[in-house]
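One structure below.
2 protein chains.
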Amino acid sequence: MSKQERASATFGPVVGCCEPLVREPLSAEQSVELSRVFKAMGDPVRLRLLSLIASHVGGEACVCDLTDVFDLSGPTISHHLKVLREAGLITGERRGTWVYYRVRPDLLAQVSAVLAPAGCDELPVLDA
Amino acid sequence: MSKQERASATFGPVVGCCEPLVREPLSAEQSVELSRVFKAMGDPVRLRLLSLIASHVGGEACVCDLTDVFDLSGPTISHHLKVLREAGLITGERRGTWVYYRVRPDLLAQVSAVLAPAGCDELPVLDA
DNA sequence: CGTCTGCTTCGACGTCGGTCGAACCAGAGG
DNA sequence: CCTCTGGTTCGACCGACGTCGAAGCAGACG
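Chains as they are written, first to last, in the numbering used here: chain A, 1061 to 1188; chain B, 1061 to 1188.
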């Protein structure tokens, strides 16, 4: 089972913790898992890629749409997409000539919940 | 005005964006700002430090409390605290012999809101 | 089959970042 | 003033990471 499959298997707590950061301290293992997600988002290009995919019409974006936005080579964009994929933040699917990426809103929601202040630990409702 | 001062000046949008990631794409500048925060949280030690400080009684923790938790040297812990400080996630204050750190819940709430799915863009209420 | 296009993988290069010991600074307490 | 303890800064080391061009792979299309 790959890292990506494990992350997308269920809707359960992917990042290994449900409670907000401010309520109780993270264990060493939880910190390692969660920090992987943050590290993936800790690059300007990747963060922008994520938002471009997330806000694209239809909820998905072709790689060719993304490459034009940046002044970077194709391999570099592909590398960043791979990092986001291995962090469980996006999924890629090939349809014919093109590859389409979409975000995993459940993981985004979980991370958002972990960061939320105490008293806001409810998982937001997904209207998708 | 230092980076830290700029981050703590007001309760306004510190990270340069208010809308959730999934609604509209981040600009290059917004991505750079936001990614700085995520990069700071993208290390297991720093993430755990953050949660230890945030969940500590009284909302603050002395450095001596934090050092014991990790199998790391003092300078290393100090380095990580500096990174978190420069990202605007925590503030430090010397009182006598000891230095106390506390989190900036407003920044945490903003980052949480940016990550939240569309339709959950309300800033959570701080009960502090 | 050949080729063209879209995307990924590979290998290399330069920079950044986490870690440590040593040195340094700030208060507290003789 | 001296010293002791708590933290930070400095300098060095080494592995991790972002970037690229070249090469490779997958479909589409003649």
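In this text, a Cβ means the ideal position worked out from N, Cα and C, and glycines have one as well.
Contact with chain A is found for ASP1103(B), since one of that chain's Cβ atoms lies less than 8 Å from the residue's Cβ.
What VAL1117(B) touches in chain A, judged by beta-carbon distance under 9 Å, is nothing: the nearest beta carbon there is about 12 Å away. By the Cβ-count criterion, GLU1093(A) is buried, with 16 or more other Cβ atoms from all chains shown falling within 10 Å of its own Cβ. Between the segment 1109-1121 of chain B and the segment 1080-1095 of chain A there are three or more C-beta pairs closer than 8 Å, enough to call the two in contact. When C-alpha distances from LYS1142(B) are compared across GLU1089(B), GLN1170(B), LEU1110(B) and GLY1119(B), the shortest belongs to LEU1110(B). The beta-carbon of LYS1142(A) is placed no less than 8 Å from the nearest beta-carbon of chain B. The beta carbon of GLU1084(B) falls within 8 Å of a beta carbon belonging to chain A, placing the residue at that interface.
Following the DSSP letters along the chain, one finds ARG1145(B) inside the alpha helix (DSSP H) bounded by residues 1134-1146.
Note on HIS1140(B): 16 or more other CB atoms within 10 angstroms of its CB, so buried under the neighbour-count rule. Looking at the DSSP output, GLY1152(A) shares a beta bridge with TYR1161(A). The three-state reading of DSSP puts GLU1120(A) in strand, counting E and B together.
In this structure GLY1148(B) is in contact with ARG1164(B), their Cβ atoms being roughly 6 Å apart against a cut-off of 8 Å. Proximity to THR1157(B) across PRO1135(B), VAL1123(B) and LEU1175(B) peaks at VAL1123(B), based on C-alpha coordinates. Here PRO1073(A) carries a coil assignment [DSSP, helix/strand/coil]. Contact annotation for PRO1073(A) against chain B: no contact, minimum CB-CB distance about 15 Å [criterion: below 7 Å].
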